[in-house]
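Worksheet for the structure shown next.
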Amino acid sequence: MNIKHHLDEATLFSYVAGAVGQGAALVVACHLSVCEHCQHRVRKLETIGGALLEKGSLSAVSDNSLLHVLERLDAEPLETSVISAPQDSEVPRPLASYVGDSLDDIPWKKVVSGLWIHNLPSQGEGVTRLLRVAPGKTAFPHTHRGSELTQLLRGSYSDDVGRFSSGDVADLDDRITHQPLVDSDHDCICLIATEFPLRYTSLMGKLAQPLLGL
Ligand SMILES: [Zn+2]
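In the working numbering, the protein residues as written are 10 to 223.
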């Protein structure tokens with residue numbers, strides 16, 4: 010597995026601090042289960058967090074020193090950024106307890122031609138679901154009111170941010186507007202957790218949103 014897109018520092022930090030929602034935590038856990046590079050970064054953050062707690066109060070840490078720590082994490086040698094974590098199933102272990110071991114056995118619900126969804130139980134305002142999109146299909150351009158975390162499980166897509174393949178994670182916030190296009194020759198399947206409903210930027214998207222329930 011050749012992973013090119015990783016989790017954001019801020020997301021990892023929130024995850025380690027237990028400050029992300031249930032859906033986002035599931036996506037982060039799924040990415041970590043296949044990405045040694047991000048596992049390494051989490052271990053470092055946990056070590057730093059433990060050391061800070063031992064030294065005294067976390068509130069004594071200035072924003073600047075926190076930024077410095079995060080920059081140093083980024084400056085770590087990148088030899089682990091392209092990794093091949095052994096995994097016998099396309100379904101990451103944290104997801105398997107929800108859907109079993111095969112993406113093909115999931116009871117997909119067809120929304121429109123070339124688009125299927127499978128919702129996962131979630132808490133709060135956010136939505137956590139699996140999305141399966143046929144080759145050549147594109148989503149309506151949209152932005153987000155909060156974060157959107159997407160772990161690629163099969164196939165690939167391209168958007169304004171880059172090209173995402175199996176194992177990659179797209180860690181997006183409300184500054185990004187994108188329109189993913191599936192460019193693999195087979196269906197693209199991904200796990201998505203959104204904090205809030207998406208905000209479509211095109212009229213077609215706005216009209217279709219209530220219809221698609223997306
Ligand atoms: Zn990673």
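From the three backbone atoms N, C-alpha and C, an ideal C-beta is built for every residue, glycine too.
Would the beta-carbon of residue i fall within 8 angstroms of that of residue j?
i: Ala228; j: Ala26; result: What is shown of the chain runs 10 to 223, which leaves residue 228 out entirely.
i: Ser167; j: Leu190; result: yes
i: Leu124; j: Val142; result: yes
i: Glu204; j: Gly135; result: yes
i: Leu54; j: Cys47; result: no
i: Ser175; j: Met10; result: yes
i: Lys119; j: His127; result: no
i: Ile57; j: Leu139; result: no
i: His14; j: Gly145; result: no
Give the C-beta separation of residue i and residue j to the nearest angstrom, bearing in mind that I take them to be a contact with Cβ-Cβ under 8 angstroms.
i: Pro103; j: Cys39; result: 5 angstroms
i: Ala130; j: Val43; result: The residue you asked about is not Ala; residue 130 is Pro in the sequence shown. So it is not a contact: roughly 23 angstroms between Cβ atoms.
i: Leu35; j: Thr137; result: 6 angstroms
Using a 10 Å radius around the Cβ and a threshold of 16 neighbouring Cβ atoms, would you call residue i buried or exposed?
i: Asp196; result: buried
i: Gly30; result: buried
i: Arg50; result: buried
i: Val121; result: exposed
i: Thr159; result: buried
i: Ser98; result: exposed
i: Tyr24; result: buried
i: Ser106; result: exposed
i: Gly164; result: buried
i: Gly157; result: Going by the sequence as given, residue 157 is Glu instead of Gly. Burial call: buried.
i: Val37; result: buried
At a cut-off of 7 angstroms, would you count residue i as near ligand 1, judging by its Cβ distance to the nearest heavy atom?
i: Leu35; result: no
i: Cys199; result: no
i: Cys39; result: no
i: Leu16; result: yes
i: Ile12; result: yes
i: His46; result: yes
Is residue i close to chain D, meaning its C-beta is less than 8 angstroms from at least one C-beta of that chain?
i: Val51; result: Given the protein chain composition of this structure (a single chain), no chain D is represented.
For the region 168-180 and the region 105-114, state whether three or more C-beta atom pairs, one from each stretch, are separated by less than 8 angstroms.
no
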